[in-house]
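Some notes on the structure that comes next.
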Amino acid sequence: MKKITLIFFTFSGIYTGFSQNPGAIADSITVKENTIANTPPIKNVLPVVKEKPAIRLFPNPAKNKVEIEISGFDPGYIKIQLIDGKGKSVREDKRLVFNGNEVIVLMFSEKPGLYFLCLKQGTKNIKSKLLVQ
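First residue of the sequence shown: 1, per this note's numbering; consecutive thereafter.
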């Protein structure tokens, strides 16, 4: 049997040599089969942690336009409700969100006062206070 010998030269003039018996070299297919067969099953897979939904309104107090910065939502439609201080819905909107972390611009013409802005998507529901001047 032949031996495989590798010699490495460096710029400093030092060399190292490695030698291996050809009979000790396993076939690549056998190595792959043994690796797969000897791999223990994965039991403790960590669950995917999803970000909690959150919103940030600016400017607050607003006059006729508010920018809603959302995070933690899924791509799809989000229902936006503007509720007055008495609990009456004064405006409903449905917006398409592409990645769940975006800025939505909402235009309105409501009387000055305290309002609640509610965003709903499936089981996710979040509210925030909005002061209109």
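Quick reminder that beta carbons are idealized off the backbone N, C-alpha and C, glycines included. Computed from a prediction, not measured in an experiment: that's the story for all the values here.
Nearest CA to the CA of residue i: which residue from the options?
i	options	result
LEU57	THR123, TYR115, GLU110 and GLY122	TYR115
TYR77	GLY87, ASN60 and ARG95	ARG95
ASP50	PRO61, SER71, LEU117 and LEU106	The residue you asked about is not Asp; residue 50 is Lys in the sequence shown. For the residues PRO61, SER71, LEU117 and LEU106, the minimum Cα distance to LYS50 belongs to SER71.
LYS111	ILE126, LYS65 and PRO53	LYS65
SER109	LYS52, LYS63, ILE55 and PRO53	LYS63
With DSSP as the reference, label residue i as helix, strand or coil.
i	result
ASP74	coil
ASN125	strand
GLU69	strand
GLN133	coil
PHE116	strand
GLU102	coil
GLU92	strand
LYS50	coil
LYS79	strand
PHE58	strand
Short check: CB of residue i to CB of residue j, under 8 Å?
i	j	result
VAL132	GLY113	yes
LYS100	PRO59	Checking the sequence shown, residue 100 turns out to be Gly, not Lys. Cβ distance not < 8 Å, so GLY100 and PRO59 don't count as in contact.
LYS124	PHE73	yes
VAL97	ILE68	no
ASP190	ILE83	A question about residue 190 goes unanswered here, because the residues of the chain that appear run from 1 up to 133.
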